[in-house]
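Beneath this line is the structure, given in structure tokens, with notes to follow.
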Amino acid sequence: MSANGDSREAFETVYELSRLLNTGLNRESLGLVVSLIEKGVNPEALAAAVKEMRRTSAAPSNKSVGAQKSNEFQY
């Protein structure tokens, strides 16, 4: 098997583990995560960043309401 075939097989294994662990990452996202880790990004920091992005994107978008409320009490 070629190096490309080995890489593909390894990625498929990682993707299957990702699915079993219910990470919610699609192939493209998982590929980006793997690439960043291979380039030296701290995996724990990357996981924390992904969780934070999910949290903020899932939160209701009431920025204008929040800004209005905070401005109401400023004199």
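Take 440 as the starting number for the sequence shown in the working numbering and just add one per residue. Where a beta carbon is used, it is the ideal one built from N, C-alpha and C, also for glycine.
Quick one, are the C-beta atoms of Leu475 and Leu485 less than 7 Å apart? A contact, by the Cβ cut-off of 7 Å.
Could you work out which residue in Gly479, Glu477 and Leu464 is closest to Met492 when comparing CA atoms only? Of Gly479, Glu477 and Leu464, the residue nearest in Cα terms is Leu464.
Is Asn481 helix, strand or coil by DSSP? Per DSSP, reduced to three states, the secondary structure at Asn481 is coil, with no helix or strand assignment.
Buried/exposed call for Val480, threshold 16 Cβ in 10 Å: Residue burial is scored here from C-beta neighbours: Val480 has fewer than 16 other C-beta atoms within 10 angstroms and is therefore classed as exposed.
Can you tell me the Cβ-Cβ gap for Val453 and Val473, rounded? I've got them flagged as a contact below 8 Å. 6 Å
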